[in-house]
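In the working numbering, the protein residues as written are 51 to 789.
Glycine residues also receive a C-beta, built at the ideal position from the N, C-alpha and C atoms.
Before any comments, here is the structure.
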Ligand code: GLC
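In structure tokens:
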């Protein structure tokens, strides 16, 4: 449709029709099928609401969606097509590693490829929009949705959010195999007080602008067609009713022109936040704040028309909102082809194809982080290995946002090792469940009594005692349950379940050559695990090819390519712990006798493993950082050079990271901030020069006057394999007139 035709359509629509375009319902109201991802109050929805709603969420399948669309459009007076949206977070049917793992690859290219493949599968299944990327910066491992983020750094999150948007959307969402991206949750949902889900967020504007907004901005600059409002209050104003955040910051400053959708029932929840007295006021506040679509309530449907008629809400606001929704449908080509790519044959051809599985395998290998290795990995194929633990042969390895996939497609560690035949002498025993006994876990499928293998650990230990004692290496596949992370899964204790620690300690009494393969949706408190093992490989929830990737890495057919994008705390009491903290007036220098300094008296300040950290099967030597100049002006650049050498015996990939510290500013500045990274692959003995470029705009921040500027003065640039390396040089930024 042309713009003129859209305007004609808009002017032809009645007030009621316009209001209903802003309503989104799950597919349960159309054909009874939908994943419910929030509190559902279905009797609030009238038949008229169903007949005229503008979009549907969480229903999938080409046949399904085509059926709904056909019937809907016959009853739609202007034949405006429905939008179909769903959470394609780390894949649709081919499940890739969870986003937190994908971030650890430090490889935006493969992340973009995975998103593109996910879009192809979702588009063939009839979807038009995914509620992804989640660009929320996260620092607190107690929060369950850290699994959906790419971590604690604004720059890295921006690179990953941009990659995902490009992967989903390409250059034109109308193209076959492309879907629109919805960046979420705007804003700062990842900073809930005390790490407790849906809790309030209190941030200074400096911190909000400097750390929490850049990744959303990167997604918007990459062309994201939609933004989703966050559940939380931001400095006591619910995001979904926050006019300053949505109309000033998002629309004006960040220049977002697309559709703003509420999160599930977030408009109605302003009553519970205590900022709306009733549903009428909730509708008014949300529309005045600029929220276009009301997800899964009838607050807009029941109240907007009257608010417009009585002049409380401007007609222009309503028309702008409807225009944005119609524009999105038009961008997707739905007026010409309301079914877009929905096609049963394509579904068969593209879903779970080998190419997608191969990407999932490679991305999993690149996302694994080797946290500890005292010479036991890679395993020797001719040795005897005993695989034990609840994740030895477990298909629940796709994470909390993979409910459209069939976990039977997932490859377990046992299946991979046996299929590959890599291990001549390997045996496998589950020994115990993820938890002991039957547990009830609330998850998207409702309150699940997930029957755990209520195995008798002591009995199984007796049975395996000789094999354990005689094995060259024990591989323990341990971890939290996938439903212990994700939405509504905050935890105060972030260790693996006790039964699994019992298993580890008892095995350790018989054989200390232990490798732990750790499954999790967050950084866990693994101090105990580290104490009783010689190697720890963090595999997150690795998705469909998880077992194959683990087998490849354990036996050295692939390397663990990941680096942490979120710090592993030494204990839950450290949370939130992150690398780019601010200095204090009384820094702790690490000497036990120090008092009157910023430290804990019962735990270290430093995390167990820091941002950017990850071991490989080789080692790398760095030359001293060299700068082309120690003076920088607004118009010049400084090139940073370092030579990296693989001085180990195996080929390997290093993630070379560049950090910059602003030594003094009008506000206190982080001890260091990631400003660049490069993945390089080196053969044994090979050296490579790595170059970064520093420009003045990289040094800008929100200063004491909330101006986004750089300030003249001294800076220090660090280059190394993680955020703690001291290989650095100093330079000075001067104003050009001083140069
Ligand atoms: C959920 C989540 C959001 C998701 C939406 C639709 O409550 O907060 O991330 O996209 O509902 O499923």
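(request) Just list the alpha helix (DSSP H) runs in the stretch 336-385, keeping only unbroken ones of 4 residues or longer that don't cross its boundaries, in chain order. (result) 349-359, 365-381
(message) Taking 8 Å as the threshold (beta carbon to beta carbon), is residue 131 in contact with chain D?
(response) Reference to chain D is not applicable here, since this structure consists of a single protein chain.
(request) Classify residue 570 as helix, strand or coil using the three-state DSSP reduction. (result) Along the chain shown, read from residue 1 onward, the residue named residue 570 stands at position 520. Three-state result, residue 570: coil.
(request) Assuming residue 442 and residue 478 form a contact by the criterion Cβ under 8 Å, report the distance between their Cβ atoms to the nearest whole angstrom. (result) Numbered from its first residue, the chain shown carries residue 442 at position 392. Numbered from its first residue, the chain shown carries residue 478 at position 428. With a Cβ gap of about 5 Å, residue 442 and residue 478 count as contacting.
(request) Over the uninterrupted beta strand (DSSP E) stretch that includes residue 708, give me the two end residues. (result) Taking the first residue of the chain shown as 1, we reach residue 708 at position 658. Start and end: 702-712.
(request) May I ask which residues mark the beginning and end of the alpha helix (DSSP H) holding residue 412? (result) In the chain shown, counting from the first residue as 1, residue 412 sits at position 362. Taken as a continuous stretch (DSSP letters only), the alpha helix (DSSP H) holding residue 412 covers 404-417.
(request) Out of 191, 118, 548, 119, state which residue places its alpha-carbon closest to the alpha-carbon of residue 246. (result) As a working mapping, residue 246 is identified with position 196 in the chain shown. Answer by Cα proximity: 191.
(request) Just list the alpha helix (DSSP H) runs in the stretch 116-179, keeping only unbroken ones of 4 residues or longer that don't cross its boundaries, in chain order. (result) 149-154, 158-174
(message) Buried or exposed for residue 49, going by 16 or more other Cβ atoms inside 10 Å?
(response) Residue 49 falls outside the range modelled here, since the chain spans only 51 to 789, and no answer is possible.
(request) Specify, as a first and last residue, the run of the alpha helix (DSSP H) that residue 745 falls within. (result) Counting from one through the chain shown, the residue named residue 745 turns up at place 695. Careful: residue 745 lies outside any alpha helix (DSSP H), inside the beta strand (DSSP E) at 737-745.
(request) Determine, using beta carbons only, whether residue 336 and residue 291 come nearer to each other than 8 Å. (result) Working through the chain shown from its first residue, we reach residue 336 at position 286. Working through the chain shown from its first residue, we reach residue 291 at position 241. Cβ distance < 8 Å, so residue 336 and residue 291 count as in contact.
(request) Could you work out which residue in 323, 653, 701, 614 is closest to residue 206 when comparing CA atoms only? (result) If you number the chain shown from 1, residue 206 lands on position 156. Of the candidates 323, 653, 701, 614, the one whose C-alpha sits nearest the C-alpha of residue 206 is 614.
(request) Go ahead and label residue 187 buried or exposed: buried means 16 or more other beta carbons lie within 10 angstroms of its beta carbon, across all protein chains shown. (result) The residue labelled residue 187 in the question sits at position 137 within the chain shown. Residue 187 is buried by the Cβ-count criterion.
(request) Go ahead and label residue 591 buried or exposed: buried means 16 or more other beta carbons lie within 10 angstroms of its beta carbon, across all protein chains shown. (result) Looking up residue 591 in the chain shown gives position 541. Looking at its Cβ environment, which holds 16 or more other Cβ atoms inside 10 Å, residue 591 is buried.
(message) Are there any heavy atoms of ligand 1 lying less than 7 Å away from the beta-carbon of residue 406, as far as the coordinates show?
(response) In the chain shown, the residue the question calls residue 406 occupies position 356. Residue 406 Cβ: outside cutoff for every heavy atom of ligand 1.
(message) Rounding to the nearest angstrom, what Cα-Cα distance links residue 565 and residue 447 in this structure?
(response) The count along the chain shown starts at 1 and reaches residue 565 at position 515. The count along the chain shown starts at 1 and reaches residue 447 at position 397. Each residue's alpha carbon lies about 19 Å from the other.
(message) Would residue 320 and residue 310 be called neighbours here (beta carbons separated by less than 8 Å)?
(response) The residue given as residue 320 occupies position 270 in the chain shown. The residue given as residue 310 occupies position 260 in the chain shown. Not in contact: residue 320 and residue 310 (Cβ atoms no closer than 8 Å).
(message) Less than 8 Å between the beta carbons of residue 612 and residue 155, yes or no?
(response) Counted from its first residue, the chain shown places residue 612 at position 562. Counted from its first residue, the chain shown places residue 155 at position 105. Taking 8 Å as the Cβ cut-off, residue 612 and residue 155 qualify as a contacting pair.
(request) Taking all protein chains shown into account, decide if residue 640 is buried (16 or more other Cβ within 10 angstroms of its Cβ) or exposed. (result) In the chain shown, the residue the question calls residue 640 occupies position 590. When all chains shown are included, residue 640 counts as exposed.
(message) Checking the sheet assignment: what are the DSSP bridge partners for residue 799?
(response) The shown model of the chain, from 51 to 789, leaves out residue 799, and the question about it has no answer.
(message) Taking the straight line between their C-alpha atoms, what separation do you get for residue 512 and residue 582?
(response) Looking up residue 512 in the chain shown gives position 462. Looking up residue 582 in the chain shown gives position 532. Cα to Cα, residue 512 sits roughly 20 Å from residue 582.
(message) On the DSSP letters alone, give me the boundaries of the alpha helix (DSSP H) that residue 459 sits inside.
(response) Position 409 of the chain shown, counting from 1, holds the residue named residue 459. Residue 459 -> no alpha helix (DSSP H), and no H or E assigned at all.
(request) Return yes when at least one heavy atom of ligand 1 lies under 7 Å from the C-beta of residue 186, else no. (result) Here residue 186 refers to the residue found at position 136 of the chain shown. For ligand 1, not one heavy atom lies less than 7 Å from the Cβ of residue 186.
(message) What does DSSP give as the partner residue(s) for residue 41 in the beta ladder?
(response) No information on residue 41 is available, as it lies outside the stretch 51 to 789 that the chain covers here.
(message) Please list the terminal residues of the continuous beta strand (DSSP E) segment that includes residue 74.
(response) Locating residue 74 in the chain shown gives position 24, counting from the first residue. Start and end: 73-76.
(message) DSSP three-state label for residue 579, please.
(response) The residue given as residue 579 occupies position 529 in the chain shown. Residue 579 falls in the helix class under three-state DSSP.
(request) Answer yes or no: do residue 646 and residue 636 have a C-beta to C-beta separation smaller than 8 Å? (result) Start at 1 with the first residue of the chain shown, and residue 646 comes out as number 596. Start at 1 with the first residue of the chain shown, and residue 636 comes out as number 586. Using a Cβ distance threshold of 8 Å, residue 646 and residue 636 count as a contacting pair.
(message) Taking the straight line between their C-alpha atoms, what separation do you get for residue 70 and residue 89?
(response) Position 20 of the chain shown, counted from the first residue, corresponds to residue 70. Position 39 of the chain shown, counted from the first residue, corresponds to residue 89. Near 21 Å, if we compare the C-alpha coordinates of residue 89 and residue 70.
(message) Quick test of the definition: if touching needs 3 or more C-beta pairs under 8 Å, does the stretch 425-445 touch the stretch 552-568?
(response) yes
(request) Express the C-alpha separation of residue 382 and residue 674 in angstroms, rounding to a whole number. (result) Taking the chain shown and counting its residues from 1, the one referred to as residue 674 is at position 624. Taking the chain shown and counting its residues from 1, the one referred to as residue 382 is at position 332. Straight-line Cα distance between these residues: approximately 51 Å.
(request) Would you decide whether residue 756 is buried or exposed? Buried here means 16 or more other CB atoms lie within 10 Å of its CB. (result) On the chain shown, position 706 is the one that residue 756 refers to. It counts as exposed.
(message) Considering only heavy atoms of ligand 1 and the C-beta of each residue, which residues fall inside 5 Å, strictly closer?
(response) 87, 88, 137, 181, 313, 314
(message) Determine whether the beta carbon atoms of residue 275 and residue 378 lie at a separation below 8 Å.
(response) Working through the chain shown from its first residue, we reach residue 275 at position 225. Working through the chain shown from its first residue, we reach residue 378 at position 328. Contact: yes.
(request) Please confirm whether residue 143 and residue 401 have their CB atoms less than 8 Å apart. (result) For the purposes of this step, residue 143 is taken as the residue at position 93 of the chain shown. For the purposes of this step, residue 401 is taken as the residue at position 351 of the chain shown. If you check the CB distance, residue 143 and residue 401 come in under 8 Å.
(message) For the stretch 252-269 against the stretch 416-425, do three or more pairs of beta-carbon atoms, one drawn from each stretch, fall closer than 8 Å, so that the two count as touching?
(response) no
(request) For my contact list, residue 100 and residue 75 are in at a C-beta cut-off of 8 Å; report their separation, rounded to the angstrom. (result) Position 50 of the chain shown holds residue 100. Position 25 of the chain shown holds residue 75. Residue 100 to residue 75, Cβ: 7 Å. Contact.
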